[in-house]
Amino acid sequence: MFAYLVRRIIGGIVLLIVMSLVTFALFFASPVNPADFSCGKNCSPAQKKQTAAALGFDDNFFNQWADFGKGVFVGRDFPDDPKLRETAPETIAHCPAPCLGYSRERTANVTSLIKETLPVSVSLAILAFIIWIVGGVLFGVIAALRRGTIIDRGLVGISLVLYAFPTFFVGLLLYKFVAIKWGWVDIPRYETIADGGITGWASSLILPAITLAVFFMAAYVRMTRAYVIESLSEDYVRTARAKGLPARAVTFKHALRAALTPIVTMAGLDFAGLLGGAIITESVFNYPGLGKLAVQANRDYDLPTLVGLVLLLAAFVIIANIIVDVLYAVIDPRVRLS
Amino acid sequence: MAISKKPFAALAASALALSVAACGGSDDNGGGGGNSDNKSAAGSKGGTAIFFNGVRNTEHWDPQRMYIGRDLNNSGRLFYRSLVAYPASNDAKEGTTPVADLATDTGKTDDGGKTWQFTVRDDVKWQDGKPITCEDFKYGASRNFATDVIIGGPANYLFTYLDIPQGKDGLPVYDGPYKKDNQDLFDKAVTCDGQTITYHMKKVWPDFPQSIASLRYLDPYRQDLDKGDASNFQIISNGPYKLDGNWTEGTGGTFVRNENWDESTDPIRKALPDKWEFREGDQDEAIYDQLLADSGDAQFGVTERRLPPTDYGRIDEVKDRYTQVESPFVDYLLPNFNSPVFKDKACREALAMATSRASWIQAGGGDRAFKPAYSVINPSVPGYTENPKFKSIPDEGDPAGAKAKLAECSAPKPVKIKFTYSGGTPTSDKQASALKDAWDKAGFVTELDPLQDTYYSVIQKPDADFDVTWAGWGADWPSVGTVIPPLFDSRINITKSSNGNDYGNYKGGPEVDSAIDAAYAEADLDKAAQDWAGVDAKLSDDVAYIPLEITIFNFLHGSKITGYSNNVSTNGYADLAVIGVSK
Amino acid sequence: MSDTSTKHDAFLRVEDLRVHFPTADGVVKATDGLSFELARGKTLGIVGESGSGKSVSSSAILGLHRGTRAQVSGQILLEDVDLLQLSDEEMRRRRGLDVAMIFQDPLSAMHPYYTVGNQLVEAYRVHNNVSKKAARTRAIEMLERVGIPQPDRRVDDYPHQFSGGMRQRAMIAMGLINNPGLLIADEPTTALDVTVQAQILDLLQDLQREFNSAIIIITHDLGVVAEMADQVLVMYAGKAVEYGPTKELLVRPEMPYTWGLLSSVPDVTADTDSKLIPIPGNPPSLLNPPSGCAFHPRCPHKDKVPGRLCWTVQPELVPGRQGMGHLKRCHLPDPDQVYALEVLPEFDPELASELAQARIPDPAADAAAGPAAGPAAGTAAGTATPDTADERDAQ
């Protein structure tokens, strides 16, 4: 198991390096020059050139990537201009290792941007995760156990409809009615636990979390239902009934245990994806998380921030994959022992 | 403005909007006019007002780097003062005429605008209590030259005029207060004598004070607090409010009273609320859901975001909080002078006659969103005159006349043209189709070519293969000199690799060039306006552009806002200098 | 209670059992009027192709169709208590305690996430109010009894760590952990190697003697039946088509379907002349069973029945020529004759000739069979095969 973990982690690191290369390559392939955007409208070609040099976009692809790599391990200075360092050292921003770059757009180290925005996305992801897992699995199990009844059809139907709703729309609807028209909750505005306490934090998150959870919940209802139905027809469930076990034990101890394994896998990966920010939900509710940061960075051609976010998300997914595999082994002895 | 509905969205929008600084939104035009809420103008002090900044983040609070109309306006009304500023007025003349602010006068020149002199007041202070000195102004001006650190501002104007030579690389030989190469040249170009600052120009700059009042690039700056790029969101206030804590990009910040601001030195800013809260990142729909419902603290809200067209139907519910203002922007079409079709004037004439402004406007949201334009110059710019040639073409176009003209066009028939536009949204595509219909009716065969992120990169290439394209513009300050030359002076726009803002690759030739130079050099601003009108006539004669429309702003504000005005002094946006809140 | 028990000495009596599944297309009659009896310590073999209703019937005895849409009717009397009349809860309490079942594929029939011991303990504790520790001791004891080596260690293994034979032993241990009076073994050896099959069957027989259980063994393998069963019930299309004492039925089968099953059994001891003859065609649809005799579309002998009886009239399950204990559902008037002369020589020539010699002094059979089927049988069995052989040689 340990050797396996080490192997997986090394594989993950290699993947991250490749991801960083690909991200850089994609930006180089883009016909849009980020320096032009920083330079503004009233900008002569000479100024554009100067801007590109100042932002470090004039160097070749590989050098830029190598500088980035160096920054991760030993940190970097921005701008890396010896003359400026000599004459006006106060204008040099230092980005300590692990440096994921420096965003000129936002005048901040990418690592500190991530530090500011990550808690928001993580909070949102956790709350949404709780809602969707509890709701999705619960309703999915109910639908499976009441298969073919009105309850089943109702649940499946509702989840189909919700699944088809764009998140943007759900968010605006909740915003418009729950927060503004009916005033059941305050206009959503992110509050940290430090500022608002646990209740303030949770209530500030409830609408975005529901928005985010709706889509996943709908998917999980259907998925859980399918897995539970499949599991209920397994031979070992029949065995459990033949042993004379009460129905509840058959369902929960035998059928659900097996059905939950693939759900755990999916949930782990989905959750990891969400840690990287819920782009639409965060934009609709104006929550300063990674998703909104990504949208803005993309809009502003803020390459350093985007690279940092892509790598962060990749790292989350890779780590989640490893965790899910370990979890899988915990749940399923066949994986653990073979 | 039209651009904001297009996918290129905030990027283009910022690029454009920022180029606006001033405009005189005239009250007398038929487009609805800015109806100032003057009944509660005498607001009382106190309370917290909220400004919804919207999804487009403030990119810079560094005065030398700011270039977006919204931020220039708001900062100038709340925490940044300069030598001169516009008074809070919606009068076309008064609102676009600078008055003394941190200076004791509005600038003196003895040589028609080649040397400008201002005297800084003795009784004005920074937020930390230190006096504002002439050296602070000089230092602020010098920062414009650090093109590798102070990026994004309108420094180019200073490079054109200030008496500092240009190096081989196309940039001034002085490189700013950080590296200090050729500092002596700058020290000669901008001098301080006590509290009197003198700017020495290469050539006359008659409307220099307007540029100071409209932009913030000549604001004073504190050398001891300057951290270069890291100062991007640092606000060193000398106005009535100062930042409380930090500015968080994407979230906003809160401004509280600056105790070191002396009301008696400032005739412009009323500074009524105790606090201004800036909220950044809200979607337009979210802002207007709150404003329409007048719910919670949105009652104290003001915004520069426009009412989404989907909510036009609800305007009647909120009539008393609704304002319609003509924007300082004009959208227009550019025939590509490098295209095999439109290098021929007859073909351009045919296009101009075939163009239906009316159907473009209809497709874009109707007359609540747009008003037909008859020049590339916005009516709010002093010296604007309707261009008779464009006025003579009906808003619906003249298909018959166009057909006849097209017969004279040398291009092989049928005349195939490609329209490259900033597309990808339903509205922009609908508008483009409306244009295509009108053109095709006249005999063109139009191919639509919507581009998104790459739009400007593509049309800025001199060898791009489009035949006609779309653009929008607003003046940087109330002068035609910030409209026609930046758009059509080939000498400053066209290089081998780029056409700058002259996307149609128009080259006016010696006649136009000298007319531009003459208009620039005219110290009498009224006379200069006539000169500009002459240049515009020549442009229309060449069909260098085809004007489409003027964007109309539709705003709402909260019910507890007092003194709400969309002044020409703030380009038709809400004038935060005079707004207060009621309890 | 005592009154009825004296009336019937059978431990299990199934009367007219029907298991119908209503579907959108109609009613699937998986089991349609099945009756049999079984005494303690005895074994009944139920034989048939997949889909013949054998597993469905045994599941019905266990009450596993409760809570589904299946409609179960008839009577299942276990010690004169009709299991079909019990409440769900009463039935659940009997499951695993009075009636236990072991399944075909022990790998899928055991839960992969729980240890073997855990699953045995669970089976024991659900019917016995004992501590986990006591149950574990019992589980180890049972594992030892079924021949698992080092049961105290293997008890904590997961099913996938057991070999196929060991898993089936563990399943048997689980089935017998509560000393059930009736054990239903559904294809207990199908998934196993041949050598292991024998061990498992031996084990089942040992245990039966020890616990005096009644066993129903469901299989399609007549070899298993021959070794294990006292009585055999052959099922086809949800119905019993032949039912009788094992020896009698295997030696003198009277129903063409049974013949087909017999001729499909490979026999390592048979000489090379013997052939495996699969039953032609596919098992019938239970939704729309064939008219008349359900087997007639696949029956090679239907033409020997006068009229189109096989197409039109469903035969009754009635005693055959061998006497009351041997029931068959077939219109053939002289099945013995056909079997001996046509069927047997085909797949077991050696036995056929032995039997033929033995049969010569039986005039009754000859007289009955002779005129009707004799000549036909001669051509079919006597000449067809050599012809084929000649052709092959010629080439």
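Quick note, the sequences are listed as chains A, B and C, same order. Throughout the first sequence, residue numbering follows this note's numbering, covering 1 to 338 in sequence. Throughout the second sequence, residue numbering follows this note's numbering, covering 339 to 921 in sequence. Throughout the third sequence, residue numbering follows this note's numbering, covering 922 to 1316 in sequence. For each residue, glycine too, the CB sits at the ideal point set by N, CA and C.
- Under the criterion of beta carbons closer than 8 Å, V668 of chain B and A711 of chain B qualify as touching, at roughly 5 Å.
- DSSP lists no beta-bridge partner residue for I210 of chain A.
- For the region 38-71 of chain A, the set of positions with a beta-carbon nearer than 9 Å to some beta-carbon of chain B reads S38, C39, G40, K41, N42, C43, S44, P45, A46, Q47, K48, K49, Q50, T51, A53, A54, L55 in chain order.
- For Y537 of chain B, the enclosing beta strand (DSSP E) has its first and last residue at 534-538.
- The Cβ neighbour count for G433 of chain B, taken over all protein chains shown within 10 Å, is at least 16; the residue is labelled buried.
- Non-local beta-carbon contacts of L15 of chain A in its own chain, meaning distances under 8 Å to residues more than five positions away in sequence, involve A314, I318 in chain order.
- About 26 Å separates the beta carbon of G171 of chain A from that of G308 of chain A, a gap too long to meet the 8 Å contact definition.
- L1124 of chain C and I1098 of chain C have their C-alpha atoms some 14 Å from each other.
- A267 of chain A is outside the set of residues whose beta carbon lies under 7 Å from a beta carbon in chain B.
- For the pair H986 of chain C and G1096 of chain C, the Cα-to-Cα distance works out to about 19 Å.
- In this structure, G136 of chain A keeps its C-beta atom at 7 Å or more from the C-beta atom of M266 of chain A.
- Against chain A, a Cβ distance below 8 Å from L1018 of chain C picks out G244.
- Excluding five sequence positions before and after G197 of chain A, none of the CB atoms of its chain fall closer than 6 Å to its own CB.
- Taking CB atoms only, K176 of chain A has a neighbour in chain B less than 7 Å away.
- Contact annotation for D1026 of chain C against chain A: D235 [CB-CB distance below 9 Å, chain order].
- DSSP, reduced to helix, strand and coil, places D736 of chain B outside both helices and strands of the structure shown, so it counts as coil.
- Proximity of the region 204-214 of chain A to the region 997-1012 of chain C falls short of the contact definition, fewer than three beta-carbon pairs being nearer than 8 Å.
- When C-alpha distances from S633 of chain B are compared across A:D186, A:A97, A:T117, the shortest belongs to A:D186.
- Within the same chain, P510, V511, Y512, L523, F524, A527 come within 7 Å of I502 of chain B by CB-CB distance, once the 5 residues on both sides are set aside.
- For T239 of chain A, the residues of chain C that pass the 7 Å Cβ criterion are F1024, A1030, M1031, in the order they occur in the chain.
- Shown here, V310 of chain A sits in a helix according to DSSP, grouped into three states.
- If only uninterrupted beta strand (DSSP E) runs of at least 3 residues are considered, those enclosed by the region 1120-1199 of chain C are 1135-1140, 1152-1157, 1160-1166.
- Rounded to whole angstroms, K431 of chain B and P425 of chain B show a C-alpha spacing of 11 Å.
- C-alpha of Q798 of chain B to C-alpha of Y841 of chain B: approximately 6 Å in a straight line.
- Among the bridge pairs identified by DSSP, Q455 of chain B is matched with B:K446, B:T536.
- The beta-carbon of V487 of chain B is placed less than 7 Å from the nearest beta-carbon of chain A.
- Within 7 Å of the CB of V1047 of chain C, the CB atoms of chain A belong to K243, G244, L245, in sequence order along the chain.
- Residue pairing by DSSP places D1003 of chain C opposite C:L998 in a beta bridge.
- For the pair V1155 of chain C and N1049 of chain C, the Cα-to-Cα distance works out to about 37 Å.
- DSSP, read as helix, strand or coil, puts I92 of chain A in coil.
- V940 of chain C sits away from F957 of chain C, with the two beta carbons spaced by 7 Å or more.
- About 12 Å separates the Cβ atoms of K541 of chain B and Y495 of chain B, ruling out a contact at the 8 Å cut-off.
- Just measuring C-alpha positions, the residue of C:D937, C:L933, C:T964 sitting nearest V1146 of chain C is C:T964.
- In the three-state reduction of the DSSP assignment, D582 of chain B falls in the strand class, which pools E and B.
- Boundaries of the beta strand (DSSP E) around W614 of chain B: 613-618.
- With its beta carbon less than 7 Å from one in chain C, H254 of chain A belongs to the interface.
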